[in-house]
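Step one of this worksheet: look at the structure below.
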Amino acid sequence: MAKDSIILVVDDERNHADGVVEALDKLCAKAVAVYSGKDALEILHNENVDCIITDLKLDGDVDGLSILDEAKKLNPDTEVILVTAYATIDTCKDAIRRGAFDYLVKPIDIDQLRALTLQACRKAETARRRFKTDRSEKQDFIFDGVRGKSRKMQGIFEILKRIAPTNLPLLIEGESGTGKELLAKAVHENSQRADNLFRPVNCAGLTETLLESELFGHVRGAFTGAAGDRKGLFETADKGTLFLDEIGDMAPNSQAKLLRVIEDGIVIPVGSNKPVKVDVRIITATNQDLTKLIEEKKFRQDLYFRIKGISVVLPPLRERAEDIPIFVDYFIKQASMEIGSKVAGITDAAMNILKSCDWPGNIRQLRNVIRTMVVMSSRDTLDIHDIPPEISQRRQLMPAAGPVEQTAGLSLAELEKQAIIETLSRTGNNRQQTARILGIGERTLYRKIKEYNLG
């Protein structure tokens, strides 16, 4: 286990948290206890955490699922074990779907917790070692999760290969869910700054005051709720990379302050007069047209020129359908590994349906759909009936594709099965009406439903 990695124990019951730390300390890394979700997030943003053991229900606004989401956002290889006294099937499924390693029900069996924690730490260490090996053995642009064989994506990869080793600022444009943060992290991991921190922040998710505090830090008493000094992301990402997502939503005053930091390399924490020198590479992203915002006087032109050293536009998933099978296979393997599922593939019929969808939520939506399908499937191969109804219904509302595009590559049995599934869906599972539409008897329909395991 890496010397600088830790096991983070989160529980608002101090005695319980301290007891868990005592049981786990030095098991596979140093164990550290915090007593609130807010403190846990602070640790996550500043330390290398291999494993988190967190209570599901915590006092305050940050609960165990929020910690899970933030941990996976910052580092997908961080493993999270949830502890709860109120376990339900739906809660546990939701936690696993969101990337939890496992869950335990109180009262905790310490031996079971130690064994589970050791497994989680070993999995995190294996992932880190594999990534380091990839970086040392390959001189190519690599990052787990960045996928694409389409011509548009190959062109983007060529650009990023060239600029990753430099300190040039990068602007990534594209719709929500297209993978802008993944691409930004890929650039960081293939740069000279890879051994230092990559710090993301969503400019649209914070008020102006909170965003400035998040970026530049603050001193005690700078504003209501500022109980102590706090370093901003510019300081914690020193010698690393700062990713500013949805920069088009940044307030004008914050834009001016950001411009000064980029030009001078100096930050001044909110409420302080003491300057702090920083060396940070800036990568920005937006789903808006910044040139239009400039015309509307909502975005500073001088800031635009500073962040747009190099710009790339990520195409939406509907414009790169040939990449969908790559993502589907990757997400199936990822989800199966996370939850210990036996699902290993998907039928051609189901894949063709996924390829024909427009995916307004892009890669993020596809990933969530595949995870849901893997969690809910009882077989080792995903099929048409595993596709969530909202996806099938949305596909039915789309403009019809040509008959060759819809049916090419499908066997007659798959065509028959797909026709039954879609007709049942359109009739609200009215089998009498479905049989009449398909031109077959009800007995034949019942036999086909049983044969294709649809009922």
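If you read the sequence shown in the numbering used here, its first letter stands for residue 864, the second for the next number, and so on. Using N, Cα and C, we set each Cβ at its ideal position, and we do this for glycine too. These figures come from a predicted structure and were not determined experimentally.
- Every beta strand (DSSP E) stretch that sits fully inside the region 1059-1093 and reaches 3 residues is listed by chain position as 1061-1065.
- Beta-bridge pairing by DSSP links Ser868 to Asn911.
- Under the rule that a run must span 3 or more residues, the beta strand (DSSP E) segments found entirely inside the region 1121-1161 read 1144-1149.
- By the criterion of at least three beta-carbon pairs nearer than 8 Å, the region 1237-1247 is in contact with the region 1189-1208.
- By the Cβ criterion, the region 938-950 is not in contact with the region 896-905, since fewer than three pairs of Cβ atoms, one from each stretch, lie closer than 8 Å.
- The alpha-carbon separation between Leu890 and Leu1033 amounts to approximately 41 Å.
- No Cβ-Cβ contact shorter than 8 Å links Leu1122 with Leu1156.
- Secondary structure at Gly923: coil, using DSSP grouped into helix, strand and coil.
- CA-CA distance, Gly923 to Val1082, rounds to 23 Å.
- Distance between Ser1204 and Phe1086, taken at the CA atoms: about 49 Å.
- Shown here, Glu1109 sits in coil according to DSSP, grouped into three states, outside any helix or strand.
- Under DSSP, Gly1208 forms a beta bridge with Thr1244.
- If you draw a straight line from the Cα of Ala880 to the Cα of Ala948, it comes to about 15 Å.
- For Tyr1193, the secondary structure class from DSSP, reduced to helix, strand or coil, is helix.
- For Ser1288, the enclosing alpha helix (DSSP H) stretches over residues Leu1275 to Arg1289.
- Measuring C-alpha to C-alpha distances from Ser1240 to each of Ala1198, Ile1254 and Ser1219 identifies Ala1198 as the nearest.
- For Asp1142, same chain residues with a beta-carbon under 8 Å away, outside a window of 5 residues either side, are Asp1101, Lys1102 and Gly1128 in chain order.
- Taking the Cα positions, Glu1285 is about 13 Å away from Leu1308.
- Between the C-alpha atoms of Gly962 and Val946 there is a straight-line separation of about 15 Å.
- Contact between Asn1225 and Pro1179 holds, with the beta-carbon distance rounding to 6 Å and staying under 8 Å.
- Between the beta-carbon of Pro1063 and that of Glu1077 there is about 11 Å, and that puts the pair past the 8 Å contact cut.
- Distances from the CA of Leu1177 to each of Thr1147, Arg1169 and Ile1202 were compared; the closest alpha carbon is that of Thr1147.
- Here Gly1080 is near Lys1094, since their CB atoms are less than 8 Å apart.
- Spanning the alpha carbons of Leu931 and Gly882 requires a straight line of approximately 22 Å.
- Rounded to whole angstroms, Leu928 and Asn878 show a C-alpha spacing of 22 Å.
- For Leu967, the enclosing beta strand (DSSP E) begins and ends at Asp965 to Val968.
- Around the Cβ of Pro1132, a 10 Å sphere holds 16 or more other Cβ atoms; the residue is buried.
- Note: Ala1198 is not bridge-paired with any residue in the DSSP secondary-structure output.
- Taking 8 Å as the cut-off, the beta carbon of Ser1117 is found closer than this to the beta carbon of Glu1075.
- No residue range can be given for Lys889, since it is assigned to no alpha helix (DSSP H) and is classified by DSSP as neither H nor E.
- Residue environment for Ala1298: buried (at least 16 other C-beta atoms within 10 angstroms of its C-beta).
- The way I'd put it, the region 1020-1034 doesn't touch the region 967-984; fewer than three beta-carbon pairs between them come closer than 8 Å.
- Separation of Glu1036 and Pro1251 (C-alpha to C-alpha, rounded to the nearest whole angstrom) is 30 Å.
- With contacts defined by Cβ atoms closer than 8 Å, Asn1065 and Glu1109 form a contacting pair.
- In the DSSP assignment, Leu1229 falls within the alpha helix (DSSP H) that extends over Asn1225 to Met1239.
- The three-state reading of DSSP puts Glu942 in strand, counting E and B together.
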